[in-house]
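*Asks:* Below is a structure I'd like to ask you about.
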Amino acid sequence: MFLTISTTGTPEHPATDLGFLLHKHPDKAQVFSTAHGTAHVFYPEAGEERCTAALLLEVDPVALVRRGKGKGRGGAPDSALAQYVNDRPYAASSLLAVALSGVFGTAMRGICHTRPERAAQPLPLRIEVPAVPARGGADLVRKLFEPMGWQVTADPVALDPGFPEWGESRYVSLTLEGELRLEAALRHLYVLLPVLDDAKHYWVAPDEVDKLLRAGEGWLEDHPEQKLITARYLSRRWSLARRALERLELARLAETDDTEAEELDNAVDEAVDTEERPVPLAVQRREAILGELRDSGAARVLDLGCGQGQLVGELLKDVRFTEVVGVDVSVRALTVAARRLRLDRMGPRQADRVTLLQGSLAYTDSRLKGYDAAVLSEVIEHLDLPRLPALEYAVFGAARPRTVVVTTPNVEYNVRWETLPAGHSRHSDHRFEWTRTEFRTWAEAVADRHGYTVAYTPVGPDDPEVGPPTQLATFTRKEAAA
Amino acid sequence: MTTRTLGVPDLSLVVLIGTTGSGKSTFGRKHFRPTEVISSDFCRGLVSDDENDQSASRDAFDVLHYIAGKRLAAGRLTVVDATNVQQEARRQLVALAREHDVLPVAIVLDVPEKVCAERNARKPDRKDMPAHVIPRQRRELRRGLRGLEREGFRKVHVLRGVEEVDAAEITLERRFNDLRHLTGPFDIIGDIHGCASELETLLAKLGYADGAHPDGRTAVFVGDLVDRGPDTPGVLRRVMGMVAAGTALCVPGNHENKLGRWLKGRKVQHTHGLAESIEQLEREDDTFRDEVRTFVDGLVSHYVLDGGNLVVCHAGLPEKFHGRTSGRVRGHALYGDTTGETDEFGLPVRYPWAEDYRGRAAVVYGHTPVPQASWLNNTICLDTGAVFGGKLTALRWPERELVDVPAEQVWYEPVKPLATEAPGGADGRPLDLADVLGIGVSPARAKPRAWGSIVETRHMGRLAVREENAAAALEVMSRFAVDPRVLMYLPPTMAPTATSDVEGYLEHPAEAFAAYRADGVREVVCEEKHMGSRAVALVTRDGDGRFGAGALHTRTGRPFFDDAELTGRFLDRVRAAVTGAGLWEELDTDWLLLDAELLPWSLKATGLLRHQYAAVGAAARAVFPGALGALEAAQARGVDTGGLLARQRDRSADADAFTEAYRRYCWTTEGLEGVQLAPFQLLASEGRSHAGVPHDRQLAWLDRLVEADGSGLLRRTGRLFVDTSDEASVAAGVDWWLKLTASGGEGMVVKPLAALVRNADGRLVQPGVKCRGREYLRIIYGPEYTRPDNLARLRQRFLGHKRSLAQREYALGLESLDRLADGEPLWRVHEAVFAVLALESEPVDPRL
C-alpha cells in the first residue's frame with residue numbers, strides 16, 4: 001500500500017521544506033518497522049518547486065494470517081483476515097493509517113522546531129492514494145473530504161478489465177488537492193482511510209474514542225458526516241467480537257460452498273429492525289397478533305421463527321401468557337434475542353415463563369407439542385415454496401396447537417411502498433410474496449387438510465384496492481372450537 | 001431339604017420383601033449379578049454417606065426408582081433390595097414396572113424374628129437398632145402377604161424360614177413373546193377374515209402342501225383370522241392345525257379377542273362381522289369350539305423373531321413395547337394406537353405410529369386395510385382387505401418379497417373405501433428433529449441437554465457430531481437446502497497431499513504416490529481436477545418416480561440454480577445422455593446419482609470473485625504503477641532504496657500471475673450456454689451403491705455418458721493410471737501433472753484404483769488426495785506465496801485434522817449410499833447426510 005504527499009514551493013519557501021515538516025530527509029530512503037510489515041519513506045522528487053514524499057508499506061501477508069491463532073486450525077477472529085488472498089498488502093486501510101501515525105507522528109502533532117512557521121501555515125498540498133477501499137464509493141469519498149476544503153478526484157477502479165461485466169471494484173484512485181496545514185491533512189487521512197474501508201485490522205479498544213477525538217480536533221466537530229465517521233470508526237468493535245463468537249460454523253459452511261458468510265448468515269438484520277427505531281407496521285403486526293392470541297384464550301404460546309424476540313418480549317408483558325417459547329433456526333438470532341430480553345438478568349419468576357430454543361420447522365419436533373397457540377409471524381415467506389409442506393405438517397399436523405396465527409406480506413400492497421422499486425420483494429431473503437388470493441388458497445387448503453377453521457384479519461391500513469400491507473390468518477383446531 | 005426352583009421372567013422387576021435381617025442382600029448376591037440388584041441401603045449411602053440414615057430414605061428411594069427405571073427402559077432385569085414390607089412402597093414399584101411394561105415379581109423372605117434380630121446384632125452398624133423395629137416390620141409383612149397378587153405382582157414366591165430361603169434356586173424364564181432364536185425363514189400372512197379359500201390358494205402359492213413347507217419355512221399369521229368372511233371355521237382349522245404342528249405361529253387380532261370373549265360366554269355385541277362367525281361356529285361341535293377357545297386364549301400378543309430383527313403383531317407396535325409384557329402392550333398390539341377421535345365413518349382415527357417409528361426391527365402387522373402393502377420406516381401393513389374384495393398378502397422374510405392372491409369376490413361390504421395410503425401415509429412426511437440431533441432432544445421445558453449425535457457407520461464405526469456443528473448444519477439444511485427427499489448424498493471434503501519439499505512447490509504428486517505406496521496401494525488413478533464448483537446431480541428417468549424431477553445441488557445441499565426451470569433443462573440434458581448411453585437398462589434403474597464438478601467456477605462463486613479475488617487483483621493493479629514509478633524516480637535521483645524496487649517489481653508480477661490464475665476459471669455464461677458438468681463418479685442407482693466400483697470402470701461409464709451427450713454440457717475427465725511401485729510410472733504421473741498445471745489446470749486427484757480400500761491395519765485409506773498446481777495455489781495461499789520465505793513458512797501446515805475429517809465424511813457418505821441402496825427409511829439416509837454437513841463446519845484450516 002502506497003501514498004504520496006506533494007507540495008509546491010518558491011525560492012523563498014522551497015518545496016523541500018516538506019522534508020523538515022515530515023522530519024524525513026528528502027535524499028535518503030528510510031525504513032521503519034511496524035507491526036504488520038516494513039514502512040519505507042522516500043522522495044521520488046525533491047526540488048524547490050515541487051517535492052513529493054512517498055510512504056510505502058510492505059505488508060507481510062503470511063504474518064497477517066498467522067498472527068495470534070492456534071496451530072493449523074484457521075481460527076483467526078475475522079474471516080476476512082484469515083485469508084491469504086487479501087487486499088491488505090495493496091489497499092490503503094487501517095494498516096496504512098497506523099503506519100502513517102507511526103512514521104509521521106511528530107508531523108501529525110504539528111511539531112516542527114526548524115520550520116515552525118511553515119507547520120502552522122496552510123501549504124498547497126496534493127495527496128495521492130492510488131487504491132482506497134471505499135465502502136460507499138466515490139460519492140462518500142467526496143462527502144468526507146470536501147468539507148475540510150479538499151478538491152477531491154476519486155476514480156473508481158475496474159474489478160477486472162478482462163470481465164467488464166463485473167463492473168467496478170470498491171477501490172477508488174484518490175487525489176486530494178488543497179491549501180491545508182500538513183498536520184491536519186495527515187489527521188484527515190489517519191481517521192478517514194479506515195472509515196472508508198469500514199474495517200480494522202486490530203481489535204478496537206476503548207481508547208479508540210480518545211484517539212478519534214485527538215485526531216478529529218478542529219474538523220470532526222462540525223463535519224456533516226460526523227455520525228457516520230464516528231459510527232464506522234468505533235462501532236465495528238461489537239461486530240468484530242460477534243463474528244468471532246457466533247458465526248464461525250456458519251462461515252465455514254459458506255466457505256465450503258464458495259459463498260460469502262453474509263449470504264448464509266442473514267437471519268438477523270439489525271439495521272432494519274431494532275427496538276430503538278420501531279417500524280410502525282411491525283408494531284401494528286405485533287398488536288394484531290397479541291389481539292388474536294388474547295381472543296383465543298391461549299396461555300402457553302410458541303413463537304415459531306421468533307427472530308430477535310420482539311414478540312416474545314411483548315408476550316412476556318402480559319401475565320395471561322404463562323409460558324412463552326421462542327423458536328428459531330438461527331443461533332445468532334437467538335443470541336441477540338436473549339440479549340435484548342436480558343434473559344440473564346431476568347428474575348426467576350419471569351425467566352420461568354420464557355424459553356428460547358433452536359429448532360427447525362423443516363422437521364417435526366416433539367418439544368413443540370401440547371401448546372395452546374403458535375405464531376408464525378413473517379416466517380413462511382422465508383422458505384422455498386417446495387419446502388412449505390414440511391413446515392405445514394410440522395406445525396398443523398405434528399405440533400397441532402389449538403390456535404395458529406400466521407402473518408405474511410401482501411405483495412399487492414408493494415405498489416404502495418414508495419421506497420420499494422417495482423417488482424422487488426420487501427426483504428432479500430423472501431423466497432416468495434403472496435397476493436391475498438394466493439394466501440387464502442394456501443390457508444384454506446391447510447385448514448382443510450389438518451382439521452382447522454381459518455379467519456383473516458387485515459394488519460395496517462386496509463387499502464380498498466390492494467388490501468393491507470400484512471395479511472394475517474388465524475387457524476383454530478376444529479375439535480377445539482366446540 | 002429339596003431345592004425349590006423359582007421362575008422369574010428374564011425381563012422383570014423383582015421385588016424382594018422381608019424384614020431387616022431376613023437375608024435379602026445375601027439372597028440377592030447369591031442369585032443375581034451385582035449390577036442387577038439395587039439396594040435401598042446403598043442408595044441411602046449415595047445421598048447421605050450413611051447407609052443407615054433413615055432421614056435420607058425419601059431421597060434414597062428417588063434414586064433407587066430412577067436407577068431401576070433407567071435399567072427397565074433399557075430392557076434389563078432389575079432386583080430391588082429393600083424391606084418393601086409397606087404396601088405403599090410396593091405400589092410404587094408395581095407402578096414403575098407397569099410404566100416400563102415389564103412384569104413385577106415378588107419374592108418374600110419370611111424369616112423368624114429371632115433369626116433376624118441375631119443377624120442384626122452381629123452387624124456393628126445395626127446393633128443399636130431399636131428392638132421394636134423387626135416385630136413391626138414383620139406384622140406389616142404378614143398383613144400384606146395375601147394381597148400381593150391383587151397388588152399387581154404377576155408372580156409371587158414366598159420362602160418360609162431360613163431353610164427354604166437357602167434351598168431356593170432362581171430360573172430365568174424366557175418371555176412368551178421372545179422367539180428371537182427362531183430365524184425362519186418366515187411367510188407372514190395378513191388379515192384373512194374367514195377367507196379360507198383365498199388362504200389355501202395363498203399357502204399353495206407360497207409352496208405349502210397340507211400346512212407344511214418342504215423347505216421348513218414357518219408361516220406367521222398377523223391375526224384377524226375370523227369374522228366377516230365365508231368360512232371362519234375353515235381358516236381356524238387350518239391355522240390351528242399348523243400352529244399345533246409347529247409349522248406356523250399366530251398372534252391374535254382384535255377380532256380373535258372379541259370372539260374369545262363370546263366363546264367364554266361373555267356378552268359382546270355381534271357387530272363387525274362377529275355374527276357371521278357365530279353363525280358358522282354354531283354349526284360346529286362343542287369340541288371344536290372348545291379347541292378354538294383354548295387356542296385364542298393361548299395366543300401371545302406379539303412375537304420378536306429372527307434375532308430381534310423382526311416383530312410381528314396385529315396392529316403395529318412402537319419400539320418401546322417390543323418384547324415387553326403388560327396389559328398396555330397387549331392392548332396396543334391388538335388395537336393399535338388411536339387418537340381418540342372418530343372419522344366421518346364413525347371409525348376410530350388411528351394414530352400414524354409408523355411415521356414416528358425409528359426402530360431397528362422391522363414391524364410387520366395388519367389391522368388397517370390398505371390397497372397395497374408398502375414399507376414405511378421399516379414397517380409394513382399386510383392387511384390388503386381380502387374380505388372386502390382386495391387381496392390376501394404374504395411377506396417372505398428375510399427375502400422381503402410380497403406374494404398375494406386376489407379375493408375371489410367381495411365377501412363383505414367395507415364401511416369405508418380402502419384408504420389410498422397405508423397408515424402413516426406415503427413417505428412424504430417430514431423428518432423429525434430427533435433424527436438429526438440424536439436422542440438428546442428433550443421437552444422444551446426440560447433442562448437443556450447437550451445435542452449432537454452419534455451416527456453408526458459400517459465402515460468407521462460410531463462417528464460423533466458435536467452440538468455447535470449440528471446447530472450450524474440445522475440452519476443451513478432448513479433454510480437453504482433442497483428437500484431432504486432428494487438430498488441423498490453430500491460429498492466429503494478431500495485432504496491435500498502431504499506438503500512437498502520440492503523447491504518452489506507446496507504440493508507435488510511425488511508425495512501422493514509415496515503415501516499410497518506406504519499404505520500398500522499399488523494401482524492408483526490420477527484424475528484431472530476441474531476447477532469449478534462441486535455439484536451432485538440426481539438424475540431421474542422420468543418425473544414420476546420417488547425422486548420426481550431429480551435435483552442438482554451444491555456440496556452444502558443448496559440448489560445449484562435459483563431458477564427451477566434452468567435446473568430442469570440442465571437435468572434434461574444429463575438425462576438424455578444417460579438414455580443415449582443405455583445406462584438406465586444396464587443398471588436396471590430409474591435414477592442415477594452423480595458426483596461432479598460444475599464449471600465455470602465464476603458461475604456460483606461470483607460474489608466471492610468480486611469481493612475477494614478480483615478485488616485483490618484490482619487493488620494491486622491500481623497501486624503498483626504509481627509505487628513503481630515513484631521508486632524509479634527516486635532511484636533516478638540517486639536515492640538508494642536498497643532492494644525495494646526489485647521486490648516491488650516481483651510483487652507486481654506475482655499479483656499479475658494471481659489475476660491470470662483466477663481468470664482461467666471464469667467465463668461468461670448465458671442460461672446453460674457455457675455451463676459444463678464434469679462427472680467423476682457414479683455414486684448410486686436403484687438398490688446399489690457404486691462407491692466401491694473401481695475407478696476404471698467408473699470412468700468407462702462416465703466416458704459413455706460424455707460421448708452420448710449431444711448438448712456439449714458434459715465434459716470428460718482426463719486420467720492417467722499409475723503404478724506406485726514402478727518408478728517410471730510414477731515419473732510419468734509427475735510429468736502428466738506438470739503438463740496439466742502448466743497449461744492452467746487446477747491439478748489432479750490421486751485415488752486408489754480399487755476405490756474403497758483398507759490398509760494392512762484394516763483402516764480406510766483416503767479415498768483420494770488432491771494435488772494442486774503451483775499457479776492455482778496462488779488463489780488459495782495468496783499471490784506471493786511462492787516467494788521462498790513465504791513458502792518456508794507455509795510449509796508448516798497441519799494436515800492431521802483435515803485428513804481425519806476427510807475420512808469421517810467419506811465414511812458418512814458411504815453410509816448414506818449404503819442406506820439408500822438397502823432401501824432404508826429416509827430418516828436413516830438423512831441422518832448420515834446431515835452429519836456430513838455438520839462435520840463440514842468443524843474448524844479446520846480452510847486452505848487445505
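These protein sequence lines are chains A and B, in that order. If you read the first sequence in the UniProt record's numbering, its first letter stands for residue 1, the second for the next number, and so on. If you read the second sequence in the UniProt record's numbering, its first letter stands for residue 1, the second for the next number, and so on. Glycine included, each C-beta is placed from N, C-alpha and C at the ideal position. As the structure is a computational prediction, the values presented were derived from the model and not from experiment.
List the endpoints of the continuous alpha helix (DSSP H) containing H40(A).
*Replies:* On the first sequence, residue 40(A) is found 40 positions in, with the first residue counted as 1. Looking at the DSSP string, H40(A) is not in any alpha helix (DSSP H); the run it does join, the beta strand (DSSP E), is 37-46.
*Asks:* I'd like to know if P318(B) contacts chain A, where contact means its C-beta is closer than 8 Å to some C-beta of that chain.
*Replies:* On the second sequence, residue 318(B) is found 318 positions in, with the first residue counted as 1. Cβ-Cβ to chain A under 8 Å: no for P318(B).
*Asks:* Can you give me the C-alpha to C-alpha distance between H23(A) and F42(A), rounded to a whole angstrom?
*Replies:* Position 23 of the first sequence holds residue 23(A). Position 42 of the first sequence holds residue 42(A). Going from the Cα of H23(A) to the Cα of F42(A) covers about 12 Å.
*Asks:* Report the neighbours of G782(B) on chain A: residues whose CB is nearer than 9 Å to its CB, in chain order.
*Replies:* Residue numbering aside, residue 782(B) sits at position 782 when the second sequence is read from its first letter. Annotation: Cβ neighbours of G782(B) in chain A (cutoff 9 Å, chain order): P61, V62, V65, Q83, Y84, V85, N86, P89.
*Asks:* In this structure, how does DSSP classify I380(B) when only helix, strand and coil are distinguished?
*Replies:* Working through the second sequence from its first residue, we reach residue 380(B) at position 380. Strand, per DSSP.
*Asks:* Straight-line CA distance for I380(A) to T408(A)?
*Replies:* Taking the first residue of the first sequence as position 1, residue 380(A) is located at position 380. Taking the first residue of the first sequence as position 1, residue 408(A) is located at position 408. Taking the straight line joining both Cα atoms gives about 7 Å.
*Asks:* Look at G366(B) and L392(B) and say whether their C-beta atoms are less than 8 Å apart.
*Replies:* Taking the first residue of the second sequence as position 1, residue 366(B) is located at position 366. Taking the first residue of the second sequence as position 1, residue 392(B) is located at position 392. Not a contact, by the Cβ cut-off of 8 Å.
*Asks:* What are the uninterrupted segments assigned as beta strand (DSSP E) that are 3 or more residues long and contained completely in the stretch 177-231 of chain B, given in chain order?
*Replies:* 186-189, 218-221
*Asks:* Look up M1(A) in the DSSP assignment and say whether it is helix, strand or coil.
*Replies:* Numbered from 1 along the first sequence, position 1 holds the residue referred to as residue 1(A). Residue state, collapsed to three classes: coil.
*Asks:* The stretch 400-432 of chain A: which residues have C-beta closer than 7 Å to a C-beta of chain B, in chain order?
*Replies:* none
*Asks:* Going along the chain, which residues of the stretch 467-479 of chain B sit with their C-beta nearer than 8 Å to a C-beta in chain A?
*Replies:* E468, N469, A471, A472, A473, L474, E475, V476, M477, S478, R479
*Asks:* For N410(A) versus P461(A), is the C-beta spacing smaller than 8 Å?
*Replies:* Position 410 of the first sequence, counted from the start, is the residue given in the question as residue 410(A). Position 461 of the first sequence, counted from the start, is the residue given in the question as residue 461(A). Not closer than 8 Å, so no.
*Asks:* Can you pull the DSSP bridge partners for M748(B)?
*Replies:* Looking up residue 748(B) in the second sequence gives position 748. DSSP lists E528(B), C771(B) as partners of M748(B).
*Asks:* Tell me whether the stretch 757-771 of chain B and the stretch 530-547 of chain B touch, counting them as touching only if at least three CB pairs, one residue from each stretch, are closer than 8 Å.
*Replies:* no
*Asks:* Here's the rule I'm using: 16 or more other beta-carbon atoms within 10 Å means buried, otherwise exposed. How should A245(B) be labelled?
*Replies:* Walking along the second sequence from the start, residue 245(B) turns up at place 245. So A245(B) counts as exposed.
*Asks:* Consider the Cβ of P846(B): report whether some Cβ of chain A lies at a distance smaller than 8 Å.
*Replies:* Position 846 of the second sequence holds residue 846(B). With 8 Å as the cut-off, P846(B) counts as an interface residue toward chain A.
*Asks:* In the structure shown, what three-state DSSP assignment does F680(B) receive?
*Replies:* Taking the second sequence and counting its residues from 1, the one referred to as residue 680(B) is at position 680. Of the three classes helix, strand and coil, the one that applies to F680(B) here is strand, per DSSP.
*Asks:* Keeping to the same chain, check which residues put their C-beta closer than 7 Å to that of R300(A); ignore five residues upstream and five downstream.
*Replies:* Residue numbering aside, residue 300(A) sits at position 300 when the first sequence is read from its first letter. Result list for R300(A): T322, E323, Y371, D372, in chain order.
*Asks:* CA-CA distance, A73(B) and L463(B)?
*Replies:* As a working note, residue 73(B) is residue 73 in the second sequence. As a working note, residue 463(B) is residue 463 in the second sequence. Going by the C-alpha atoms only, they are around 24 Å apart.
*Asks:* Whose Cβ in chain A lies nearer than 7 Å to the Cβ of N790(B)?
*Replies:* As a first step, residue 790(B) must be located in the second sequence, where it is residue number 790. Residues of chain A passing the Cβ test: V62.
*Asks:* Using 7 Å as the cut-off, classify the Cβ of R396(B) as near or not near the heavy atoms of the ligand SAM, replying yes or no.
*Replies:* Of ligands this structure carries none, so the ligand SAM is not represented either.
*Asks:* I'd like the span of the alpha helix (DSSP H) that includes P389(A), first residue to last.
*Replies:* As a first step, residue 389(A) is located in the first sequence; it is residue number 389 there, counting from the start. From DSSP, the alpha helix (DSSP H) with P389(A) extends over 388-392.
*Asks:* I need the DSSP call for W353(B), collapsed to helix, strand or coil.
*Replies:* For this step, residue 353(B) is matched to residue 353 along the second sequence. Helix, per DSSP.
*Asks:* Taking all protein chains shown into account, do 16 or more other C-beta atoms lie within 10 angstroms of the C-beta of K264(B), making it buried, or fewer, making it exposed?
*Replies:* In the second sequence, counting from the first residue as 1, residue 264(B) sits at position 264. Burial call: exposed.
*Asks:* Residues of chain B with CB closer than 8 Å to the CB of A158(A), please, in chain order.
*Replies:* Position 158 of the first sequence, counting from 1, holds the residue named residue 158(A). Neighbours of A158(A) on chain B, chain order: A618.
*Asks:* Hey, does S296(A) have any beta-carbon neighbour from chain B nearer than 8 Å?
*Replies:* Numbered from 1 along the first sequence, position 296 holds the residue referred to as residue 296(A). By this cut-off, S296(A) is not an interface position.
*Asks:* What residues of chain A sit near L93(B), judged by a beta carbon separation below 8 Å?
*Replies:* Here residue 93(B) refers to the residue found at position 93 when the second sequence is read from its first residue. Those within 8 Å of L93(B) in chain A number zero; the least Cβ separation is about 28 Å.
*Asks:* Spatial neighbours of Y662(B) within its chain, please: CB distance less than 6 Å, with the 5 preceding and 5 following residues excluded, ordered by chain position.
*Replies:* Here the question's residue 662(B) lines up with position 662 in the second sequence. Taken in chain order, the residues that qualify are Y613, I779.
*Asks:* What are the uninterrupted segments assigned as beta strand (DSSP E) that are 3 or more residues long and contained completely in the stretch 72-97 of chain B, given in chain order?
*Replies:* 78-81
*Asks:* Can you give me the start and stop residues for the beta strand (DSSP E) that D595(B) sits inside?
*Replies:* To locate residue 595(B), count along the second sequence from 1; it is residue 595. It spans 591-599 - the beta strand (DSSP E) in which D595(B) sits, taken as one unbroken run.
*Asks:* Return the CA-CA distance between L538(B) and A338(A), expressed in angstroms with no decimal places.
*Replies:* Reading the second sequence from its first residue, position 538 is the one you call residue 538(B). Reading the first sequence from its first residue, position 338 is the one you call residue 338(A). Distance between the alpha carbons of L538(B) and A338(A): 41 Å.
*Asks:* Near M240(B), which residues of its chain fall below 6 Å by C-beta distance, leaving aside the five closest residues on each side in sequence?
*Replies:* Taking the second sequence and counting its residues from 1, one reaches residue 240(B) at position 240. The residues are F295.
*Asks:* Residues in its own chain within less than 6 Å of G253(B) by CB, not counting five upstream and five downstream?
*Replies:* Taking the first residue of the second sequence as 1, we reach residue 253(B) at position 253. Around G253(B): G223, D224, H314.
*Asks:* Classify R610(B) as buried or exposed, calling it buried when 16 or more other Cβ atoms lie within 10 Å of its own Cβ.
*Replies:* Counting from one through the second sequence, the residue named residue 610(B) turns up at place 610. Under this definition R610(B) is a buried residue.
*Asks:* Indicate whether at least one CB of chain A lies closer than 8 Å to the CB of G607(B).
*Replies:* By one-based count along the second sequence, residue 607(B) stands at place 607. Yes, G607(B) lies at the interface with chain A (some Cβ there is under 8 Å from its Cβ).
*Asks:* Spatial neighbours of P89(A) within its chain, please: C-beta separation below 6 Å, excluding the five flanking residues on both sides.
*Replies:* Within the first sequence, numbered from 1, the residue matching residue 89(A) stands at position 89. The answer, listed in chain order, is V59, P61.
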